[in-house]
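A.B. asks: So for the sequence shown, this note's numbering puts the first residue at 225; every next one is plus one.
Attaching a single structure in structure tokens format; questions to follow.
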Amino acid sequence: MRDTRPLLLHSDFPPVHRASLETLQVNLGYLCNLSCVHCHVNAGPHRTEQMDRETIDALLALLDRASIHTLDLTGGAPELNPHFRYLVREARALGVHVIDRCNLTVLLEPGHEDLADFLAEQQVEICASLPCYVQENVEAQRGKGVYDLSIQALQQLNALGYGAERMLNLVYNPVGPVLPPPQEALEAEYRRELKQRFGIRFNHLMTITNMPISRFGSVLLAQGQYTEYMHLLRENFSQSNMETLMCRRLLSVDWQGFLYDCDFNQMLDLPLLASDRRRHIRDLLSTLTLDEPIITGEHCYGCAAGQGSSCGGALDA
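Listed below in structure tokens is the structure:
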């Protein structure tokens, strides 16, 4: 697989400085029951990397000590980590808001039949990947049969109060090297189509730009579309997105406990603070300060293009 990393390291992207730290986004491992074309972590069923209990306990110690109010769990499929439920229970007991980045189909995997009930019991917010409301587009990105399973999982979540009193957000990724359409208008389409066809309700739609790294980046290179896509991102750069970039209020933690400015920097192995050693979650328990500039690269144009893109959707919706 061809790697875009060497092409992204040197950039004229404007400087970014951190504001207050509000969210820890934690990658619990690269194991996933799907292998999506747009996946920027190259996750899949054959990956073995998983966060261990010792590192999870260090995370919990930090949450207990610091004023971080949101724990954002991602992967792979974060629910496949054997310590997922332990982490969720303990974080919720500390009063921390927990977000689960869920691919929906994992709720129907053998051995996880009670997972939706657990998430509802713990009042976990779910951000569920559904890259389109059209079956053909979903399966082009995520594989045959995924659409029907996703609809079934959404109906299961609705039956538990998700999409009403429990927060259920859907996540849209474009099919191919294009920017997402306006988030508000697309949300209305999703809401209409899913309600009319399946009776499904949800709270919000988040539109996220495909990042030119890992699996999606290699596809761009293989199809000769990398240069054109980067030109698209640069041409649509919006200065108004700079103040609300997610990296200004978030730290990313990899499956080993090492720290990065964002999930994309994590995948590109661009460590926090550009130091001569990687910083670990244990450093936050001691004396690490976070007043250094955020490490940026060409991929950052993906977050600042058009309406902007973050793990919470468009920045300028």
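Note that the Cβ used here is the ideal one computed from N, Cα and C, for glycine as well.
Note that the structure is predicted; figures quoted are calculated from it, not measured.
1. For a quick check, are the C-beta atoms of Thr247 and Leu474 less than 8 angstroms apart?
2. Just to check, is the beta-carbon of Arg309 closer than 7 angstroms to a non-hydrogen atom of the ligand FMN?
3. Pick helix, strand or coil for Gly537, following the three-state DSSP scheme.
4. From Pro306, Ala243 and Gln463, pick the residue whose C-alpha is nearest to that of Cys471; which is it?
5. Can you pull the DSSP bridge partners for Gln249?
6. Please specify which runs of the alpha helix (DSSP H), each continuous and at least 4 residues long, are wholly inside the stretch 452-496, giving them in chain order.
7. Spatial neighbours of Met171 within its chain, please: C-beta separation below 8 angstroms, excluding the five flanking residues on both sides.
8. So, are the CB atoms of Arg506 and Leu497 less than 8 angstroms apart?
9. How far does the alpha helix (DSSP H) with Asp341 in it reach, from first residue to last?
10. Inspect the beta-carbon positions of Arg313 and Gln347 and report whether they are closer than 8 angstroms.
11. Under DSSP, the beta strand (DSSP E) around Pro510 begins and ends at which residues?
12. Tell me, which residues are paired with Gly268 by DSSP?
13. Please report the Cβ distance between Gly521 and Leu494, rounded to the nearest whole angstrom; I am assuming they are in contact, meaning their Cβ atoms lie under 8 angstroms.
14. Would you mind giving the Cβ-Cβ distance between Pro239 and Pro517, rounded to the nearest angstrom? I have them listed as a contact below 8 angstroms.
15. Taking all protein chains shown into account, do 16 or more other C-beta atoms lie within 10 angstroms of the C-beta of His455, making it buried, or fewer, making it exposed?
16. Measuring CB atoms only, is the stretch 385-398 touching the stretch 418-428, in the sense that at least three cross pairs come out at less than 8 angstroms?
17. Mark Thr272 as exposed unless 16 or more other C-beta atoms lie within 10 angstroms of its C-beta, in which case mark it buried.
18. Tell me whether Pro269 is buried or exposed, calling it buried when 16 or more other Cβ atoms sit within 10 Å of its Cβ.
C.D. replies: On the basis of the data shown:
1. yes
2. The ligand FMN is absent from the structure shown, which contains no ligand whatsoever.
3. Gly537: strand per DSSP, three-state reduction.
4. Ala243
5. Asp296 and Ser476
6. 487-491
7. The chain is shown only over 225 to 541; residue 171 falls outside these bounds and no answer can be derived.
8. no
9. Leu339 to Glu345
10. no
11. It is Ser, not Pro, that sits at residue 510 in the sequence shown. Premise fails: Ser510 is in no beta strand (DSSP E) and is neither H nor E.
12. Note: Gly268 sits in a beta bridge opposite Leu255.
13. 7 angstroms
14. 6 angstroms
15. exposed
16. yes
17. exposed
18. exposed
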